[in-house]
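This report refers to the structure that appears directly beneath it.
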Amino acid sequence: MKDLRLLAPPHLDNEMAADYLRTEIGLTDGAVQWAVVRPDGLTNEAEVTEYDVHPSPIRSAVFDAGKTSRINVGHFMAKVISDDDTWMKRNGLMPVIYNKVSS
Numbered sequence: 058m059k060d061l062r063l064l065a066p067p068h069l070d071n072e073m074a075a076d077y078l079r080t081e082i083g084l085t086d087g088a089v090q091w092a093v094v095r096p097d098g099l100t101n102e103a104e105v106t107e108y109d110v111h112p113s114p115i116r117s118a119v120f121d122a123g124k125t126s127r128i129n130v131g132h133f134m135a136k137v138i139s140d141d142d143t144w145m146k147r148n149g150l151m152p153v154i155y156n157k158v159s160s
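For the sequence shown, my numbering assigns the number 58 to the initial residue and increments by one for each residue that follows.
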């Protein structure tokens, strides 16, 4: 499974960039603060809808990908950088965002 994920471009580049942030920059670099927002299968929507944010994936990106609209990703990224409480919760982390699935 791990090898299959790494064969799907640009996934390998994304994994390497995230690993660099986590291992080389970490949380102790005084000049760099970071957060990585990880969407699943991207979709196009006209409006922001409800979404869930998780500390790590809850689905298989290859065999059971969730959906995440680009507008929801943008909304969450804007919230992370503009809301101090949200930034403090997400700084140095790599949360995963999924559109909320209605039951």
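C-beta atoms are modelled at their ideal positions from N, C-alpha and C, and glycine is treated no differently.
For N101, no alpha helix (DSSP H) run applies, since DSSP gives it neither H nor E. For K146, there is no enclosing beta strand (DSSP E); the residue is found in the alpha helix (DSSP H) stretching over 141 to 147. For the set K124, V94, A88, K157, the Cα lying nearest the Cα of I138 is the one of V94. Note that the segment 75 to 87 does not touch the segment 104 to 115; fewer than 3 beta-carbon pairs, one per stretch, sit closer than 8 Å. I154 sits in a strand when the DSSP states are folded into three classes.
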